[in-house]
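Novice: Mind looking over this structure? Questions follow.
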């Protein structure tokens, strides 16, 4: 369902969060920039701005700092390409333009138009919907609920194994057979990989593929590598779409779940999503909704049941 939230920060609520959100590689926080050596040299914090301060007057009507902030937020996409120092002036110019055009529309009676009034009613409902989400859902999410959701997802996630492997990729089975024969005779795998692999990334690191989990390699490779014991290499070459592989497993381990701090934003969004749909479900149950068109009602019911 596409949710028409008033604030851009809530747009992600329409996404389906769940276990898959926690299987993604965690986004690591950037390191904070070092503090200036001379604290006195750091710029002073800007003085708080009075939201009621008048920025401009249009036909005797004040336009305040709060109005300007609202304009900047609502029109942020249009100003995205402008340098920061120009955005305030651009927002004020746009706000003035909107005010004078709106006044002219009222003068000519456009505000009485039926289609306009219908759009205004919808926009008001959408704005109220956004306020309800913000005040009735988002603001009520607690840190304890977010942590509980994280713990629940981790508890429901089956342990997954990771493997650290190397491979030697060649074009023909005969080449792979010859390499396996050398390994059987005691040859060093890393040295052979540097000499023979056609994988550019493996020519200088002994064919090292690092750590990876199930499903990250092509199926033939994936099946073979997870069947090997630590320290063993494939006794038969493994064919894939890339050629013929000789694979060695260096180590195995159980994949560690992402740290709470790395995925807490995802966990919070999951809590918000669940609370939102629970609220919608309760309100829909209390509302009397009638859809005369049988086919349209069936389509809507199908969508609702999938939520």
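Numbering (this note's numbering), first residue to last: 17 to 323. C-beta atoms are modelled at their ideal positions from N, C-alpha and C, and glycine is treated no differently.
Nearest by alpha-carbon distance to residue 291: which of 149, 129, 270, 303 is it?
Specialist: Within the chain shown, residue 291 is the residue found at index 275, counting from 1. Closest option to residue 291, Cα to Cα, is 149.
Novice: Excluding the 5 residues preceding and the 5 following residue 20 in the sequence, name in chain order all residues of the same chain whose CB lies nearer than 8 Å to its CB.
Specialist: Position 4 of the chain shown, counted from the start, is the residue given in the question as residue 20. Any reading at residue 20 must be qualified, since the residue scores a pLDDT of 28, below 50, and its modelled position is unreliable; the value itself is stated next. Same-chain partners within the cutoff: 142, 145, 146.
Novice: Which word fits residue 93, buried or exposed, when buried means at least 16 other C-beta atoms lie within 10 angstroms of its C-beta?
Specialist: For this step, residue 93 is matched to residue 77 along the chain shown. Counting Cβ neighbours within 10 Å, residue 93 comes out exposed, since fewer than 16 surround it.
Novice: Return yes when the Cβ of residue 270 is within less than 8 Å of the Cβ of residue 177, no when it is not.
Specialist: Walking along the chain shown from the start, residue 177 turns up at place 161. Walking along the chain shown from the start, residue 270 turns up at place 254. Cβ atoms of residue 177 and residue 270: closer than 8 Å.
Novice: Output needed for residue 88: all residues of its chain with C-beta closer than 8 Å, excluding positions within five of it in sequence on either side, in chain order.
Specialist: Mapped onto the chain shown, residue 88 falls at position 72. 95, 103, 104, 107, listed in sequence order.
Novice: How about the stretch 149 to 164 and the stretch 242 to 251: do they share at least three Cβ pairs that are nearer than 8 Å?
Specialist: no
Novice: Does the contact criterion of 3 or more C-beta pairs under 8 Å hold for the stretch 220 to 236 versus the stretch 294 to 307?
Specialist: no
Novice: What runs of the alpha helix (DSSP H), each 4 residues or longer, lie entirely inside the stretch 58 to 108?
Specialist: 81 to 90
Novice: Three or more beta-carbon pairs under 8 Å between the stretch 305 to 312 and the stretch 187 to 198, yes or no?
Specialist: no
Novice: How is residue 181 classed by DSSP in three states: helix, strand or coil?
Specialist: Locating residue 181 in the chain shown gives position 165, counting from the first residue. Strand at residue 181.
Novice: Suppose you measure from the CA of residue 159 to the CA of residue 275; what does that come to, to the nearest Å?
Specialist: Counting from 1 along the chain shown, the entry for residue 159 is found at position 143. Counting from 1 along the chain shown, the entry for residue 275 is found at position 259. Going from the Cα of residue 159 to the Cα of residue 275 covers about 15 Å.
Novice: For residue 311, count neighbouring Cβ atoms within 10 angstroms of its own Cβ and tell me buried if that reaches 16, exposed if not.
Specialist: Mapped onto the chain shown, residue 311 falls at position 295. Flag for residue 311 reads exposed.
Novice: Can you tell me which residues form a DSSP beta bridge with residue 254?
Specialist: Looking up residue 254 in the chain shown gives position 238. Paired residue(s): 261.
Novice: On the DSSP bridge assignment, give the partners of residue 224 in chain order.
Specialist: Walking along the chain shown from the start, residue 224 turns up at place 208. Looking at the DSSP assignment, residue 224 forms a beta bridge with 182.
Novice: Residue 249 bridges to which residues according to DSSP?
Specialist: In the chain shown, the residue the question calls residue 249 occupies position 233. In the DSSP output, where bridge partners are listed per residue, residue 249 has 264.
Novice: Indicate, with yes or no, if the ligand NAD has a heavy atom lying under 7 Å from the CB of residue 116.
Specialist: Within the structure as shown, the ligand NAD is missing, as the structure has no ligands at all.
Novice: With contact counted as at least three CB pairs below 8 Å, one residue from each stretch, are the stretch 204 to 223 and the stretch 277 to 287 in contact?
Specialist: no
Novice: Tell me whether the beta-carbon of residue 115 lies closer than 8 Å to the beta-carbon of residue 74.
Specialist: In the chain shown, residue 115 corresponds to position 99, counting from 1. In the chain shown, residue 74 corresponds to position 58, counting from 1. It is a contact, given that the beta carbons lie within the stated cut-off.
Novice: Suppose only complete runs of 4+ residues qualify. What are the alpha helix (DSSP H) ranges in the stretch 149 to 224, listed by chain order?
Specialist: 159 to 172, 189 to 200, 205 to 212
Novice: Output needed for residue 98: all residues of its chain with C-beta closer than 7 Å, excluding positions within five of it in sequence on either side, in chain order.
Specialist: Translated into positions along the chain shown, residue 98 becomes position 82. Within the same chain, residue 98 has close Cβ partners 106.
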